[in-house]
Every structure is written in C-alpha cells, then in structure tokens.
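Colleague:
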C-alpha cells in the first residue's frame, strides 16, 4: 500500500487552498458532472479541524472510486488518501452528498442517513463532523 502525505511545503499551502475552496463554495453552485472537482481537494480544507474522533480510531470515507482515511492526531482531523485498513467505520457516500455536507447544505445526520455505513455509526459521525460546512468556514 502506498500512502501519500503532505510535506511541510504542502502543509504550508493549506491556507491558500482553504481560501480557494471557501471562495468556490461561496458561489453556491454544486459541482456539475463535467467539472474538474476531486473529493481530495476539499478534504484538505477539513484537515486540521478539531475532531471528537478519539486517537486510535479511524473512519474510511468512500466517495465514488476514491478512498480516504480519516483519523485523529491530538484532537485534530488527519486525512490521507487511501483505505483505512484499521478503520472502525466505513462510510460510502455519493459525490452529491459529500459536497452537500461540505457546503453546509446537509448535516452530518443527513449525510449518514443518505450514505451506507459499515461498522460503528458513532465513529462514522465523529469522523464526518469536521467535514460539515468545511468549505464555508475556516479551520480554527
């Protein structure tokens, strides 16, 4: 398994990418099928947000063919591309549900209801909470 993580230089770009994503979300337009949008881009905006996901627990997020590992480091959300082999929950959601969650058009409860959750539902909710409206609010 190959794991890709941001270098220090990549992490330094997070504020600029967050700002770009926030600006794009402010237009209020959901991505269209022909748009060049990737779930990994807005997930970067959510990385570093406070999370109630306990250390040692992980959630795998599947959006279309893409897989993401959501975990916690010192109470902050960590995001990696790829599966969560040690995941306590696996959430499979459509791109529409994913972008609705990020833009605040749906709640975590609504996103979970519209998705398939395998494993612990509480872990799934805690893993998704930092994503709620991540595109419309800056990380603290």
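Numbering (this note's numbering), first residue to last: 758 to 897. Beta carbons: idealized from backbone N, C-alpha and C, even for Gly.
Alpha carbon to alpha carbon, what distance is there between residue 891 and residue 877?
Modeller: The residue labelled residue 877 in the question sits at position 120 within the chain shown. The residue labelled residue 891 in the question sits at position 134 within the chain shown. Here the alpha carbons of residue 891 and residue 877 stand approximately 23 Å from one another.
Colleague: Taking all protein chains shown into account, decide if residue 884 is buried (16 or more other Cβ within 10 angstroms of its Cβ) or exposed.
Modeller: Numbered from its first residue, the chain shown carries residue 884 at position 127. With 16 or more Cβ atoms within 10 Å of its Cβ, residue 884 is classed as buried.
Colleague: Can you say whether residue 769 is buried or exposed, counting buried as having 16 or more other CB atoms within 10 angstroms of its CB?
Modeller: For the purposes of this step, residue 769 is identified with residue 12 of the chain shown, where counting begins at 1. Exposed, by the Cβ-count rule.
Colleague: On a CA-only basis, which of 856, 837, 823 is nearest residue 764? Give me that one, please.
Modeller: Along the chain shown, read from residue 1 onward, the residue named residue 764 stands at position 7. With distances taken between Cα atoms, residue 764 lies closest to 837.
Colleague: Helix, strand or coil: how does DSSP classify residue 877 here?
Modeller: Sequence index remark: in the chain shown, residue 877 carries index 120 (1-based). If DSSP states are grouped into helix, strand and coil, residue 877 belongs with coil.
Colleague: Could you tell me whether the Cβ atoms of residue 847 and residue 886 are closer together than 9 Å?
Modeller: The sequence position of residue 847 within the chain shown is 90, counting from 1. The sequence position of residue 886 within the chain shown is 129, counting from 1. No, Cβ-Cβ distance for residue 847 and residue 886 is not below 9 Å.
Colleague: So, for residue 814: in the same chain, excluding its five sequence neighbours on each side, which residues have a beta-carbon less than 6 Å away from its beta-carbon?
Modeller: Here residue 814 is taken as the residue at index 57 of the chain shown, counted from 1. Around residue 814: 845, 880.
Colleague: Which residues bound the beta strand (DSSP E) around residue 828?
Modeller: One-based indexing of the chain shown puts residue 828 at position 71. Run containing residue 828: 823 to 830, per the beta strand (DSSP E) assignment.
Colleague: On the criterion of 16 or more Cβ atoms from any shown chain inside 10 Å, does residue 841 qualify as buried, or is it exposed?
Modeller: Residue mapping note: residue 841 aligns to position 84 of the chain shown, counting from 1. Counting Cβ neighbours within 10 Å, residue 841 comes out buried, since at least 16 surround it.
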